Amino acid sequence: EINDLPSETVEELLRYIYTDNSQNVDTYSQTLLAASDQYQLPGLKLNCEKHLGEIISPLNVAEILLLCDNFKCEALKKTALAFCGENHSYIMKVNLSS
């Protein structure tokens, strides 16, 4: 019984396990990344990392860096840090306490 993942993620996880194919990585990349790390599925993890690396933006780079730290995604971390270096003027700190 898997209680710590959304049902859609579990469905995609099972699809990957049975078919070695992940058609909806773009939709569930963050939760699939967590699941692929938890269940030690390096191929799925790589697919998720690749997709996240392709969609890095000033709005999501901080979240992607947190995912990298949580799930040991060194290649994605390098990509995200390079993005930060190249786009530092577009990345702004938002004060959430206001």
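Sequential numbering from 130 applies to the sequence shown in this note's numbering. Note that beta-carbon positions come from the ideal geometry of N, C-alpha and C, so glycine has one too. Quick caveat: nothing in here was measured; it's all calculated off a predicted structure.
Just the C-alpha distance for residue i and residue j, rounded to the nearest angstrom, thanks.
i: L161; j: E178; result: 10 Å
i: S227; j: S165; result: Any answer about S227 is weak, because its pLDDT of 48 lies below 50 and its placement is not dependable; what the coordinates show is given next. Cα-Cα distance, rounded: 36 Å.
i: L196; j: T148; result: 26 Å
i: E203; j: E130; result: 30 Å
i: L134; j: E192; result: 18 Å
i: V190; j: D198; result: 12 Å
i: D155; j: G214; result: 25 Å
State buried or exposed for residue i, treating a residue as buried only when at least 16 other CB atoms are found within 10 Å of its CB.
i: L205; result: buried
i: Y180; result: A small correction: the amino acid at residue 180 is His; Tyr does not occupy that position in the sequence shown. So H180 ends up on the buried side.
i: T138; result: buried
i: K174; result: buried
i: L170; result: buried
Could you pull out every residue in the same chain whose Cβ sits closer than 8 Å to the Cβ of residue i, ignoring the five residues on either side in sequence?
i: Y219; result: P187
Only counting the same chain, and skipping five residues up and downstream in sequence, which positions put a Cβ closer than 6 Å to that of residue i?
i: L194; result: A209
i: S158; result: C177, H180, L181
Pull up the CB-CB distance for residue i and residue j, whole angstroms please, since I reckon it's below 8 Å.
i: E141; j: N153; result: 5 Å
i: S136; j: Y145; result: S136 to Y145, Cβ: 15 Å. No contact.
i: I185; j: F212; result: 5 Å
To which residues of the same chain is residue i closer than 7 Å at the C-beta, ignoring the five residues directly before and after it?
i: A163; result: F200
i: N216; result: P187
Threshold first: 4 residues or longer. Then list the alpha helix (DSSP H) segments lying entirely within the stretch 190-223, N to C. Uninterrupted alpha helix (DSSP H) stretches at least 4 residues long and entirely within the stretch 190-223 occur at 190-200, 203-215, given in chain order.
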